[in-house]
Structures are given as C-alpha cells and as structure tokens.
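Participant:
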Amino acid sequence: MPKQIILAAHFPGVNNTTVWSDPASGSHIDFASFVHLARTAERGLFDFFFLAEGLRLREQRGRIHDLDVVGRPDTLTVLAALAAVTTHLGLAGTLNTTFREPYELARQLATLDHLSGGRAAWNVVTTSDAFTGENFRRGGYLDRSLRYERAAEFVRTARELWESWPADPFVGDRDGGRYLDVADPGGFAHHGEQFDIAGHFTVPRTPQVHPVILQAGDSPDGREFAAAGADAIFSRHGTLADGQEFYRDVKARLARHGRHPDDLKIIPGVTFVLGDTDAEAQERAHHIRRQQVSPQTAILLLEQLWNRDLSGLDPDGPLPAVDPDVSADAISRGRAGMYADPVATARQWRALAEEKGLGVRDLVIEVTGRQSFVGTPGRVAEQMNHFVQSDAADGFILVPHLTPGGLDEFVDRVVPLLQERGVFRTRYTGTTLREHLGLRPARTREAAVAG
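Take the sequence shown: its position 210, counting from 1, is numbered 495 in the numbering used here, and each next residue is one higher.
(1) For R435, which residues of its own chain have a beta-carbon under 8 Å away from its beta-carbon, when the five flanking residues on both sides are left out?
(2) Beta-carbon separation of Q576 and S306 under 8 Å?
(3) Pull the bridge partners of H475 from the DSSP assignment, please.
(4) Between T379 and E338, which are expected to be in contact by the criterion C-beta below 8 Å, what is the C-beta distance as a whole number of angstroms?
(5) To the nearest angstrom, report how far apart A636 and S413 are at their CA atoms.
(6) Roughly how many angstroms lie between the CA atoms of V611 and D626, to the nearest whole one?
(7) Per the contact definition of three or more C-beta pairs closer than 8 Å, is the stretch 538–552 in contact with the stretch 586–597?
(8) At what residues does the beta strand (DSSP E) containing I498 begin and finish?
(9) Is it buried or exposed for N420, if we count other Cβ within 10 angstroms and need 16 for buried?
(10) Measuring alpha carbon to alpha carbon, tell me which of A317, D516, A391 ends up nearest A366.
(11) Comparing C-alpha positions only, which one of V652, G514, A570, R441 sits nearest to V304?
(12) Between which two residues does the alpha helix (DSSP H) holding G402 run?
(13) How many Å lie between S579 and R646 at the Cα?
(14) So, is H545 buried or exposed, given that buried needs 16 or more other C-beta atoms within 10 angstroms?
(15) Pairing CB atoms from the stretch 472–488 with CB atoms from the stretch 519–526, are three or more of them under 8 Å?
(16) Go through the stretch 530–593 residue by residue and report every complete run of the beta strand (DSSP E) that reaches 3 residues or more, in order.
(17) Taking the DSSP output, what are the residues bridged to E344?
(18) Could you give the DSSP three-state label for R490: helix, strand or coil?
(19) Whole alpha helix (DSSP H) runs in the stretch 659–690 with 4 or more residues, listed along the chain?
(20) Does the count of Cβ pairs from the stretch 485–494 and the stretch 436–455 closer than 8 Å reach three?
(21) Have a look at A326 and A483 and give me their C-alpha separation to the nearest angstrom.
(22) Got a sec? Which residues, its chain only, sit under 8 Å from T302 by beta carbon, not counting five neighbours each side?
(23) Under the three-state reduction of DSSP, which class applies to I290: helix, strand or coil?
(24) Please classify A513 as buried or exposed, where buried requires at least 16 other C-beta atoms within 10 Å of its C-beta.
(25) Which one of L446, A415, T360 has the shortest CA to CA distance from Y388?
(26) Quick check on DSSP: helix, strand or coil for L722?
(27) Please state whether DSSP places V734 in a helix, a strand or coil.
(28) Please classify M669 as buried or exposed, where buried requires at least 16 neighbouring CB atoms within 10 angstroms.
(29) Enumerate in chain order the residues of its own chain whose CB-to-CB distance from S310 is below 8 Å, with the five nearest sequence positions on each side excluded.
(30) At 4 residues or longer, and completely inside the stretch 413–446: list those alpha helix (DSSP H) runs for me, N to C.
(31) Per DSSP, what kind of secondary structure is R463 in: helix, strand or coil?
Structural data, given as structure tokens:
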C-alpha cells in the first residue's frame with residue numbers, strides 16, 4: 286500500500302513568502318482571513334492548520350522591518366476561535382519555551398484540546414535572542430547552549446501536568462453528592478534544573494492526553510530533540526536528495542529513544558504554483574518570486590548575511606567585494622541567526638553568482654527559495670507523491686503566497702488528483718489530530734509502567 290500523504294496549511298506571515306502587495310492579498314489580522322484559510326483546508330480534508338508566531342517586530346538598521354508581514358495576534362486566541370468554526374481540522378501553534386512557564390502553557394494547550402475535541406498541536410520553539418526577550422519581564426535571555434535543555438524539561442513538565450488527572454475521575458453521583466472518584470485531582474510536583482513547581486493542575490485529562498508535539502529546526506540539537514519526544518518535525522530542504530538524507534538521519538535517531546520510525550512524521554514546509562501548462566506555471570512562479578523578493582527585500586536579506594549597511598548597493602549589480610562583518614553586533618534584530626559561517630556562505634554565494642551570471646536580486650531569489658512544486662495540477666500531484674513514496678517526507682506544510690485565498694486552487698485542483706491516486710483521504714475517519722496523522726495514542730507514564 287502506498288504511504289498516505291499528510292497535508293497541513295500554514296497561515297502566512299512573519300516571513301517574506303507572503304506577497305502582501307498583491308491586489309488579491311487580504312488582511313493578516315481580520316479573523317475572516319483565518320476562517321477562510323482554515324475552512325478551505327478542512328474542505329480539502331487537510332490534517333491541520335499551522336500558525337507561526339512573532340514575539341517582537343523585527344528591526345534592521347534600527348528601523349522596523351516593514352517588508353515582512355509584521356502583524357501577528359496571539360496564537361492561542363486565534364486557534365481557540367478557529368476551534369468553534371471547524372470540526373475536524375487540527376490546530377497547531379508555534380509557542381516559545383524560552384519566555385513561558387510550563388504550568389501556564391500546559392493549561393492553555395489542554396484547554397484548546399478540550400475545546401476542539403482533541404485537535405490541538407504545539408510547535409515547540411526556543412530562542413537565545415535577547416532582543417526579543419526585552420519584551421518580557423525577566424529579559425528572556427537564555428544562553429544558546431541551554432535552549433534545548435530548557436525546552437526538553439519544559440515539554441517533560443507539561444506532559445506531567447497533562448497526565449496529572451486520571452483517565453476517568455468523574456463519578457457524577459448526584460444523589461450521593463460525590464463528583465470525583467479521586468482524592469487528589471491534578472496533583473503534581475516537578476523538581477528539576479529549570480523548573481521547580483508543585484500544586485494542582487486545573488484541567489482534566491484531554492481527548493489526546495498530550496497535544497501533538499511538533500519541532501521546527503534542522504540543527505543536530507533540533508533533530509535529536511525531535512527524535513526524543515516530538516510527533517512531527519517541520520523541516521526545510523530544497524531537493525529530493527536533501528530530503529531523503531534528512532529523513533534517513535532523523536528516523537535513524539528514534540531507536541535509541543525506544544521509538545518506532547512511524548512515531549515521528551517529517552513534514553517540510555513547501556510552496557506551490559499551478560498553471561494550465563507547465564510553462565504557464567513556471568512563468569507564474571517566476572513572477573511570484575520577484576514579488577516576494579523586491580529590490581528592497583533583496584538588499585535587506587543580503588544585509589542579514591553580510592551584517593553591513595548595503596543600502597547603497599545596486600540590487601541588479603554584483604555582490605559586495607568585502608566579506609561579512611562577523612565582529613559587529615547583528616544589523617538585524619528579532620530574526621534568529623540563519624548562517625553558521627557567514628564568510629563561507631558569502632563565498633558560496635559569490636561562486637554561484639559568478640557561475641550563473643546573477644546580480645544581487647537574482648542571487649537572493651535563487652538561494653532563499655524553499656522547496657516548491659511548480660506545474661500543472663497533475664504534475665504537482667505526481668511530484669508530491671514521488672517525494673513521499675521515496676521517503677523524502679511524510680507530507681507537507683503548504684505555505685501559500687497569498688492570504689487568505691492562496692490555498693483555494695490547490696484544494697480544488699490537486700487534492701482530487703491525490704485522492705485518485707489513493708494517497709490522500711476522501712473523508713476524515715477519526716476525530717483527533719493524532720488519528721489524522723496516523724500516530725499511536727500518547728504514551729503516558731501509566732502505560733510505560735504497565736509495559
């Protein structure tokens with residue numbers, strides 16, 4: 286039997302994938318935009334809706350980075366509202382472990398899982414960015430080496446809280462006046478390096494017990510963190526070969542954590558462009574990429590690598606002759622460091638620009654694009670299926686370039702073709718997100734003790 290493809294919808298924003306200047310682009314704040322994308326995804330029988338998070342407006346050269354979509358309402362509030370206007374679609378939010386506390390976030394996610402009937406998911410992220418931390422009382426700064434230590438203990442603590450209520454504590458004996466069949470509901474005590482808390486959790490056990498846990502990040506630490514306890518990893522790779530290497534590496538890490546390869550789904554973020562012919566789709570894709578990377582955006586993105594003021598540079602001219610400045614403070618604030626070795630990356634970019642005869646803007650377009658499926662609906666369905674059946678991914682998080690209607694064409698024209706191939710559902714057969722994704726029930730401490 287062929288593998289079934291996982292599909293999720295990413296609400297655009299906090300990136301330069303979104304073409305906010307396009308006449309067809311709508312609000313990123315109006316609730317109607319969130320509703321439209323979520324309902325389109327559910328009409329297409331998608332597994333989940335994915336919402337990113339931006340905790341501070343980015344700055345570059347001391348100015349707000351207004352070429353990104355900077356408006357971002359609170360993630361959990363939006364997802365809770367969407368629970369009321371959807372019935373099966375999973376609801377996933379990026380929520381930072383550096384600036385929150387386990388009790389607070391575990392309570393909010395447990396509430397979302399109850400409100401949605403078992404459709405909540407948490408994309409676990411960390412940061413060592415002190416600039417973003419200025420928005421928080423304690424400054425938020427955490428040394429890079431401690432980010433994953435805190436995140437791992439944060440998730441362990443949250444799981445203890447989610448399991449603190451027994452599976453069926455309610456008696457509801459109206460005549461006898463006895464509501465609960467447990468003396469200490471929600472009792473917990475966690476004493477660790479990062480968190481020392483004790484008390485009573487206020488939310489009974491939820492339909493999924495543990496919301497689905499996603500992890501975003503391709504670093505060695507991120508891969509190991511995902512292998513140890515995540516249910517899915519939101520990866521980024523540009524070719525079939527890169528995807529297969531990532532897939533093999535992450536799946537191979539699971540055994541040492543006592544897990545099966547199917548316990549972790551690999552779901553890269555991708556874009557797509559459709560056309561009535563492959564040539565038309567390629568032409569549309571070229572136009573969209575030039576909308577996404579305007580001359581101003583090309584210079585801003587180049588500055589993030591060079592860490593220099595390049596405002597006087599010609600966007601159609603050659604790359605800077607000087608190397609990136611690795612000694613100065615970062616010119617861009619509020620964006621995680623993207624390049625481990627800026628000087629080496631700059632040399633690679635120069636070599637590529639020389640080889641292909643590319644100016645600054647065309648070079649940035651070339652090196653910043655994520656995996657994209659471009660072609661007729663039949664071609665895109667074929668390409669996506671090939672990626673999954675070739676073990677380069679278990680599915681995809683689709684990142685449309687328009688809000689809120691950017692997913693409509695995919696649902697209308699590609700989903701039916703995937704269904705015809707027998708690699709995508711024709712109806713929802715479960716009620717929880719875990720069931721949609723083909724994940725086993727959450728393994729609780731009681732289950733582990735029982736063997």
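Beta carbons: idealized from backbone N, C-alpha and C, even for Gly. Given the structure is predicted, the values throughout are model-derived calculations rather than measurements.
Facilitator: The structure says:
(1) Here the question's residue 435 lines up with position 150 in the sequence shown. Within the same chain, R435 has close Cβ partners T382, T383, T411, L427, Q479.
(2) The sequence position of residue 576 within the sequence shown is 291, counting from 1. The sequence position of residue 306 within the sequence shown is 21, counting from 1. Contact flag set, yes.
(3) Locating residue 475 in the sequence shown gives position 190, where the first residue counts as 1. H475 pairs with I482.
(4) Sequence index remark: in the sequence shown, residue 379 carries index 94 (1-based). Sequence index remark: in the sequence shown, residue 338 carries index 53 (1-based). Between T379 and E338 the beta-carbon gap is near 4 Å, inside 8 Å, which marks them as a contact.
(5) On the sequence shown, residue 636 is found 351 positions in, with the first residue counted as 1. On the sequence shown, residue 413 is found 128 positions in, with the first residue counted as 1. Going from the Cα of A636 to the Cα of S413 covers about 32 Å.
(6) For this step, residue 611 is matched to residue 326 along the sequence shown. For this step, residue 626 is matched to residue 341 along the sequence shown. Distance from the CA of V611 to the CA of D626, rounded to the nearest whole angstrom, comes to 9 Å.
(7) Touching, no, given that fewer than three Cβ pairs across the two stretches are closer than 8 Å.
(8) The count along the sequence shown starts at 1 and reaches residue 498 at position 213. First-last of the beta strand (DSSP E) with I498: 497–501.
(9) Reading the sequence shown from its first residue, position 135 is the one you call residue 420. It counts as exposed.
(10) In the sequence shown, the residue the question calls residue 366 occupies position 81. Cα-wise, what sits closest to A366 is A317.
(11) What you label residue 304 is simply residue 19 of the sequence shown in a count that begins at 1. With distances taken between Cα atoms, V304 lies closest to A570.
(12) Locating residue 402 in the sequence shown gives position 117, where the first residue counts as 1. Annotation for G402: no alpha helix (DSSP H) segment contains it, and DSSP assigns it neither H nor E.
(13) By 1-based counting over the sequence shown, the position of residue 579 is 294. By 1-based counting over the sequence shown, the position of residue 646 is 361. Whole-angstrom Cα-Cα distance: 8 Å.
(14) As a first step, residue 545 must be located in the sequence shown, where it is residue number 260. When all chains shown are included, H545 counts as exposed.
(15) Verdict: no, contact absent.
(16) Complete beta strand (DSSP E) runs here, min 3: 554–559.
(17) Numbered from its first residue, the sequence shown carries residue 344 at position 59. Answer by DSSP bridge pairing, in chain order: I349, R618.
(18) Locating residue 490 in the sequence shown gives position 205, counting from the first residue. Correct three-state label for R490: coil.
(19) If one requires a minimum length of 4 residues, the alpha helix (DSSP H) runs lying completely within the stretch 659–690 are 662–674, in chain order.
(20) In short, these stretches touch, since the Cβ pair count reaches three.
(21) Within the sequence shown, numbered from 1, the residue matching residue 326 stands at position 41. Within the sequence shown, numbered from 1, the residue matching residue 483 stands at position 198. If you take the alpha carbons of A326 and A483, they lie about 40 Å apart.
(22) Working through the sequence shown from its first residue, we reach residue 302 at position 17. Excluding positions up to five away in sequence, the list reads T556, Q577, R655, V684, H686.
(23) For the purposes of this step, residue 290 is taken as the residue at position 5 of the sequence shown. Coil.
(24) Stepping through the sequence shown from its first residue, residue 513 is reached at position 228. Residue burial is scored here from C-beta neighbours: A513 has at least 16 other C-beta atoms within 10 angstroms and is therefore classed as buried.
(25) Taking the sequence shown and counting its residues from 1, the one referred to as residue 388 is at position 103. Minimum Cα distance to Y388 is reached at L446.
(26) Mapped onto the sequence shown, residue 722 falls at position 437. Helix.
(27) Counting from 1 along the sequence shown, the entry for residue 734 is found at position 449. Because V734 carries a pLDDT of 48, less than 50, the predicted location of this residue cannot be relied on, and the following value inherits that uncertainty. V734 sits in a helix when the DSSP states are folded into three classes.
(28) Along the sequence shown, read from residue 1 onward, the residue named residue 669 stands at position 384. Classification for M669: buried.
(29) Here residue 310 corresponds to residue number 25 of the sequence shown, with the count starting at 1. So the list reads T303, V304, L687, T688, once near-sequence residues are dropped.
(30) Runs found: 415–418.
(31) Translated into the one-based positions of the sequence shown, residue 463 becomes position 178. Looking at R463 - three-state DSSP - the assignment turns out to be strand.
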